[in-house]
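Enquirer: A single structure is presented below for examination.
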Amino acid sequence: APLLAVVGGSTGAGKSTLVNAIVGTTVTRPGALRPTTRDPVLIHHPEDEARVSGPRILPGMPRSHGDADGGTGALRLVAHEAVRPGLALLDAPDIDSVVEENRALATQLLAAADLWVFVTTAARYADAVPWELLRGAAERHAQVALVADRVDPGAEAAVADLRRMMDASGLADAPLFAVEEGLGPDGLLTEDAVAELSAWLSALGDA
-12 APLLAVVGGS TGAGKSTLVN AIVGTTVTRP GALRPTTRDP VLIHHPEDEA
38 RVSGPRILPG MPRSHGDADG GTGALRLVAH EAVRPGLALL DAPDIDSVVE
88 ENRALATQLL AAADLWVFVT TAARYADAVP WELLRGAAER HAQVALVADR
138 VDPGAEAAVA DLRRMMDASG LADAPLFAVE EGLGPDGLLT EDAVAELSAW
188 LSALGDA
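Numbering (this note's numbering), first residue to last: -12 to 194.
Printed below as a string of structure tokens:
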């Protein structure tokens, strides 16, 4: 099965916007309503269709196709050539969602992940709920990467403090990516903003 990278984090951190930028088009719908992501969305290369449709990834979870986000908890599969073969990106519900079922589903998806890409912001990086999960991941020696999203000029101190917290929590070896605030004319984060993260994920898919 492809390497499963679950993109998770707190409500409103910009997970769906980040996934769309990595893929280069809108494959998962961001929005102002909370919770935004109700159905998890798994984006994969077309060559991996049979692998992600079978029981090796999240067995027992129903699958759906298409653009609808109906709040059913089904795993919505989206094939896109921008994702490298051997890598699958999963946009998960919020780990601190106001909906209990979403929180439980997010925790289930993180437990199944080969890699957890945790998305936070300069304003919310110290929230307690995510750090409980992050410390648990460190104790299990899970592979984790952190993304500081919506980083404005002058927020370098917050990113440095996030790095300090990671080092103190057993995540010294985890990479940290900073993504600048601002959208391009297409409504997506700019290619430059996610270039480092995209290259790192692509290298994992090639491994």
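Built from N, CA and C at the ideal position, the CB exists for glycine as well.
Keep in mind that this is a model prediction, so the values were computed, not measured.
(1) Use the C-beta contact count for Gly169: other C-beta atoms within 10 angstroms, 16 or more gives buried, fewer gives exposed.
(2) Helix, strand or coil: how does DSSP classify Glu119 here?
(3) Put Asp35 into one of helix, strand or coil per three-state DSSP.
(4) Bridge partners of Ser51, per DSSP?
(5) Report the residue ranges of all alpha helix (DSSP H) runs contained in full by the segment 109 to 185; include only those spanning at least 4 residues, in chain order.
(6) Where does Gly1 land, buried or exposed, given buried means 16+ other C-beta within 10 angstroms?
(7) Around the C-beta of His128, are 16 or more other C-beta atoms found within 10 angstroms, so that it is buried, or is it exposed?
(8) How far does the beta strand (DSSP E) with Val10 in it extend, from its first residue to its last?
Expert: From the atom records:
(1) Exposed.
(2) Reduced to three states, the DSSP call for Glu119 is helix.
(3) Helix, per DSSP.
(4) Its beta-bridge partners are Arg63.
(5) Whole alpha helix (DSSP H) segments, 4+ residues: 115 to 126 and 143 to 155.
(6) Buried, by the Cβ-count rule.
(7) It counts as exposed.
(8) Counting along the chain, Val10 falls outside any beta strand (DSSP E), though it belongs to the alpha helix (DSSP H) covering Lys2 to Val10.
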